[in-house]
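J.:
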Amino acid sequence: MLVGIIADLHANLEATQAVLREIDRIRPERVVCLGDITGYYANPNEVVAMVRERGIPTVMGNHDASVCGLEEPWFFNEAAQAAVRWQSDTLYEEHRAWLSTAPTEIRIDNDTIAVHGAPGNRDDYILDWLDAMRHVESLIRANAHVCFFGHSHRVSLFSERGTGPQTVQPNCYTLAQDNRYFINPGSVGQPRDHDPRAAFGLYESEKRVFEFCRVEYDIETAARKAIEAGLPRALAMRLSRGK
Ligand SMILES: [Fe+2]
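Residue numbers (the working numbering): 18 to 260.
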């Protein structure tokens, strides 16, 4: 089964449209979202609507939880807090009700789980191999070998045995049957790995092949709309730097 993996859309409509266009062209059998549909940019209603209309299963991100009023954004920087407040006021009630029911974990198949930050904790960052290894026990308990995660907005692939390439370039990787993996496809709406193109992943679960994918999108429009909405300028400016 070919699965499209999207994460950290962050209400960036132009990036989301570009990624979903590419996914429509490739036609995976399933698409799964690793959370943070909301936060940061100008189109939370439109982006939530696109995910809902397509019936894409999604886990709840930390921004989603704050925008829905389920968590206080204590750990957010000033710009992120401002965006959460604006989005809380902007998000339609029916979208909030839908997003509020998102689970913390989705099982993609009997060997693969999807989370936002880390297994059991959407706020936890997996930034390096040691971070990933702290969660191997959770993966064993879940009887799974592959965990897809988001939150860091960094393209990453960490394997239990062998530190491997900790940050990889967009590429294809065959996963061994007897190893365990933590994979972040990168962010659709706010990439932070110095590549401003929108990121997503494709996973062929039978062949155990994962591919990191990137697509160009209209960054200028997304940035302009954020500024026009009165969102912090720094959020708009970072899009073209991809960091
Ligand atoms: Fe995020």
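C-beta atoms are modelled at their ideal positions from N, C-alpha and C, and glycine is treated no differently. On a predicted model such as this, the values are computed, not experimentally measured, just so you know.
Who are the near neighbours of P182 in its chain, counting only those whose CB is closer than 6 Å to its CB and skipping five residues on each side?
T.: Against the sequence shown, residue 182 aligns to sequence position 165. Residue placement at P182 is flagged as unreliable, the pLDDT there being 46, under the threshold of 50; the coordinate-derived value follows with that caveat. For P182, where only same-chain residues beyond five positions count, there are no Cβ hits under 6 Å.
J.: What is the C-beta distance between L252 and Y57, in whole angstroms, given that I count them as a contact (C-beta under 8 Å)?
T.: Locating residue 252 in the sequence shown gives position 235, counting from the first residue. Locating residue 57 in the sequence shown gives position 40, counting from the first residue. Right, the Cβ-Cβ distance comes to about 5 Å (below 8 Å), so this counts as a contact.
J.: Taking the alpha helix (DSSP H) that R102 falls in, what are its first and last residues?
T.: On the sequence shown, residue 102 is found 85 positions in, with the first residue counted as 1. Per DSSP, R102 belongs to the alpha helix (DSSP H) from 95-107.
J.: When you compare only the Cα positions, how much space is there between R151 and H211?
T.: Locating residue 151 in the sequence shown gives position 134, where the first residue counts as 1. Locating residue 211 in the sequence shown gives position 194, where the first residue counts as 1. Taking the straight line from one Cα to the other gives about 27 Å.
J.: Got a sec? Which residues, its chain only, sit under 8 Å from A99 by beta carbon, not counting five neighbours each side?
T.: Within the sequence shown, the letter at position 82 stands for residue 99. Result list for A99: L248, P249, in chain order.
J.: Start and end of the beta strand (DSSP E) containing V226?
T.: Taking the first residue of the sequence shown as position 1, residue 226 is located at position 209. Unbroken beta strand (DSSP E) run through V226: 226-232.
J.: For H80, which residues from the same chain have a beta carbon less than 6 Å from its beta carbon, with the 5 sequence-adjacent residues on both sides left out?
T.: Within the sequence shown, the letter at position 63 stands for residue 80. Counting only Cβ-Cβ distances below 6 Å, and skipping sequence neighbours, we find D53, T55, G56.
J.: How would you write the range of the alpha helix (DSSP H) that V49 sits in, first residue to last?
T.: Here residue 49 refers to the residue found at position 32 when the sequence shown is read from its first residue. Careful: V49 lies outside any alpha helix (DSSP H), inside the beta strand (DSSP E) at 47-50.
J.: By a C-beta neighbour count over all protein chains shown, 10 Å radius and 16 as the cutoff for buried, is A114 buried or exposed?
T.: Locating residue 114 in the sequence shown gives position 97, where the first residue counts as 1. Exposed: under 16 other Cβ atoms inside 10 Å.
J.: Check whether the Cβ atoms of S83 and V64 sit closer than 8 Å, and answer yes or no.
T.: Here residue 83 corresponds to residue number 66 of the sequence shown, with the count starting at 1. Here residue 64 corresponds to residue number 47 of the sequence shown, with the count starting at 1. No. Outside cutoff.
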